[in-house]
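Structure, as structure tokens:
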Amino acid sequence: MAQDYDEARPEVAEASERTLKDVRQMDAPSAKSVQSDLEETDLSEGTELPGAIVLDELVVEVVPQGSDEFVCGECFTVRHRSQAAREFDGVKICRDCAEL
Ligand SMILES: [Zn+2]
């Protein structure tokens, strides 16, 4: 009974080794080409859609403070200078927050 295990193990190991070697030798070229195709597809699909959205959000939050704009010290929203209601120590408060 114990011999069945001892006999079966090396057989399975050999079989799997042979199968792996055969698979590597036979499928190596096609597997590589398929893999590269998949990687290219993943890159184009993975970076363009979500990446573009993230970039747009970043641009909206970080870049917009221009010379005519300020960041409200209360709501941290970028406002035009004309919407500044108060200023404390260089921190401007927008009209919306000043009215609250
Ligand atoms: Zn505000």
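Residue numbers for the sequence shown follow the numbering used here, so the first one is -11 and each next one is one higher.
For glycine and all other residues, C-beta sits at the position ideal for the given N, C-alpha and C.
Subject >> Any non-hydrogen atom of ligand 1 within 7 Å of D84 CB >> reply: At least one heavy atom of ligand 1 is nearer than 7 Å to the Cβ of D84, so yes.
**OP:** Could you check how far apart the C-beta atoms of D77 and R69 are, in whole angstroms? I think they sit under 8 Å.
**Re:** Incorrect: roughly 17 Å between the Cβ atoms, too far for contact.
Subject >> Close beta carbons around K80, own chain, < 6 Å, minus the five adjacent residues each side >> reply: F58 and A72
Original post:
Is E75 helix, strand or coil by DSSP?
Top reply: strand
Subject >> Rounded C-alpha distance that separates V0 from K9 >> reply: 14 Å
**OP:** Name the two residues that bound the continuous alpha helix (DSSP H) containing E62.
**Re:** Careful: E62 lies outside any alpha helix (DSSP H) and carries neither H nor E.
Subject >> Per DSSP, cross-strand counterpart(s) of E57 >> reply: BP columns for E57 point to H68.
Original post:
Does ligand 1 have a heavy atom nearer than 7 Å to the CB of E87?
Top reply: no
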